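Remarks on the structure that follows.
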Amino acid sequence: FVRTLVVNLGVWLHFAPGGISPAVWALTAFTLPYSLAIAILKDVPDVRGDRRFDIATFSVRLGARPVFATGLALLTLAEVGMAIGGGVLLNDVATPVLVGTHLAAAALLWWWAAQVDLADEASVARFYQRVWKLFFCEYAMLPAAYLLG
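Following my numbering, the numbering of the sequence shown begins with 708 at its first residue and continues without gaps.
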């Protein structure tokens, strides 16, 4: 909620009252599935501890593998959605840059995911930290596509 609505829409409206630009709507649409993925993936490395202390996270209730797969699907939706939707709907953007960076990010996510050992907490935590880094890259990729457009 905060990352998607308050940060993107709230901050924009505070500094630029009068309407929300298509780029901000696109960024908001991107951050929604990304934020959901981050929220559910954060507990995957802690399944053993959560189970031990009877904390009923999604990872404990559903299992690490389905939650990891759901998180990866949401991340993929965000990246591919921005590549396709952003490339089609956003004006004044360098479409090859927008599409290329987001498809590269999606490929990178899948490459990282293929290396994850769900039984190894450090491996899962490393993936989770990489997801955060890629999330913050979005705040450079979208403006770069506009600057080059």
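Just so you know, even glycine gets a beta-carbon here, dropped at the ideal spot from N, CA and C. Quick caveat: nothing in here was measured; it's all calculated off a predicted structure.
Residue i burial status per 10 Å Cβ neighbour count (16 or more: buried)
i: residue 838; result: buried
i: residue 794; result: buried
i: residue 701; result: In the structure as shown, the chain starts at 708 and stops at 856, and residue 701 therefore has no counterpart that could be examined.
i: residue 722; result: exposed
i: residue 827; result: exposed
i: residue 724; result: exposed
i: residue 753; result: buried
i: residue 829; result: exposed
i: residue 720; result: exposed
i: residue 843; result: exposed
i: residue 763; result: exposed
i: residue 760; result: exposed
i: residue 718; result: exposed
Identity of the residue in the options nearest residue i by Cα
i: residue 802; options: 811, 791, 742; result: 791
i: residue 798; options: 725, 708, 729; result: 729
i: residue 773; options: 750, 757, 845; result: 750
i: residue 815; options: 736, 747, 841; result: 841
i: residue 746; options: 856, 710, 822; result: 710
i: residue 781; options: 764, 844, 737, 808; result: 737
i: residue 733; options: 712, 752, 753; result: 712
i: residue 777; options: 796, 714, 817, 726; result: 817
Short Cβ contact (8 Å threshold) for residue i with residue j
i: residue 820; j: residue 784; result: no
i: residue 800; j: residue 853; result: yes
i: residue 775; j: residue 825; result: yes
i: residue 787; j: residue 813; result: yes
i: residue 748; j: residue 835; result: yes
i: residue 739; j: residue 804; result: no
Residue-chain proximity (residue i, chain D), Cβ-Cβ < 8 Å
i: residue 840; result: Checking the listed chains, one finds no chain D in this structure; it contains a single protein chain.
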